[in-house]
Structure formats: structure tokens, C-alpha cells
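**Q** In case it helps, numbering that gives the first Met the number 0 puts the sequence shown at residues 0 to 88.
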Amino acid sequence: MEDLFLRAAERLFCMTDKGYCGIVPPRTCVGDTIAIVRGGKVPLVFRDCGPQDEVKLLGEAYVHGLMNGEAMDGQAFRGQSTDSRFVVV
């Protein structure tokens with residue numbers, strides 16, 4: 000339990016532009032992208048870093064309502080899914 004509190008203390012609270020609340024890595028900034036990667040179990044935070052769809056992976060996020068496949072099953076995301084390709088550097 001102590002490990003959980005230490006990890007949470009190093010994280011930042013966030014609110015997405017769609018109104019979801021979450022906890023993100025400490026280097027996360029306004030404008031970074033929270034994405035659910037097909038086959039992944041948790042949302043990930045990415046930052047644009049290049050002209051050719053290059054992104055830097057900042058880490059995992061907890062976003063209430065988007066965990067454990069909720070995003071793919073939920074009414075809020077029906078018709079909003081997009082497939083994108085990008086290069087993680």
C-alpha cells in the first residue's frame with residue numbers, strides 16, 4: 000500500500016478536454032495526447048516530437064471511465080474511434 004501512495008505522489012491530476020479526470024506522469028503538459036492503443040490495457044500519454052507523426056511515450060495514465068476496455072465499450076466513444084499510425088521515438 001505504501002508503494003501505491005509513493006507512486007501516486009509522483010503523478011499529476013488531469014482533466015481531459017472531454018471532461019474525464021485522471022492521473023498522468025509528472026512530465027505531462029497541456030497539449031499532450033492520451034490514447035488507448037489497440038490491444039493495450041491502460042491509456043498511454045504521448046507528446047508530439049517530430050514532423051513525421053513521431054511521438055514520445057511519456058508513460059501510463061489512469062483515466063476514470065477509460066480503463067479496462069471501458070472506452071471501447073462505452074456509449075461515449077461510439078463512432079469516435081480513429082485509427083492512427085505513429086512512430087514512438
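All C-beta atoms in this analysis are idealised placements derived from N, C-alpha and C, irrespective of residue type, glycine included.
Predicted, not measured: the structure shown is a model, and the values here were computed from it.
Just tell me which of Gly21, Gly18, Cys28, Glu9 has its CA closest to the CA of Leu56.
**A** Position 57 of the sequence shown, counted from the first residue, corresponds to residue 56. The candidate whose alpha carbon is nearest that of Leu56 is Cys28.
**Q** On the DSSP bridge assignment, give the partners of Ile35 in chain order.
**A** In the sequence shown, the residue the question calls residue 35 occupies position 36. In the DSSP output, where bridge partners are listed per residue, Ile35 has none listed.
**Q** Rounded to the nearest angstrom, how far is the Cβ of Val41 from that of Ile33, given a contact under 8 Å?
**A** Taking the first residue of the sequence shown as 1, we reach residue 41 at position 42. Taking the first residue of the sequence shown as 1, we reach residue 33 at position 34. Actually they are not in contact, since the Cβ atoms of Val41 and Ile33 sit about 10 Å apart, beyond 8 Å.
**Q** Provide the residue span of the beta strand (DSSP E) that contains Gly49, from first to last.
**A** Here residue 49 corresponds to residue number 50 of the sequence shown, with the count starting at 1. Here Gly49 belongs to no beta strand (DSSP E), and DSSP marks it neither H nor E.
**Q** Out of Arg37, Val36, Ala8, state which residue places its alpha-carbon closest to the alpha-carbon of Pro24.
**A** Your numbering for residue 24 matches position 25 in the sequence shown. Cα-wise, what sits closest to Pro24 is Ala8.
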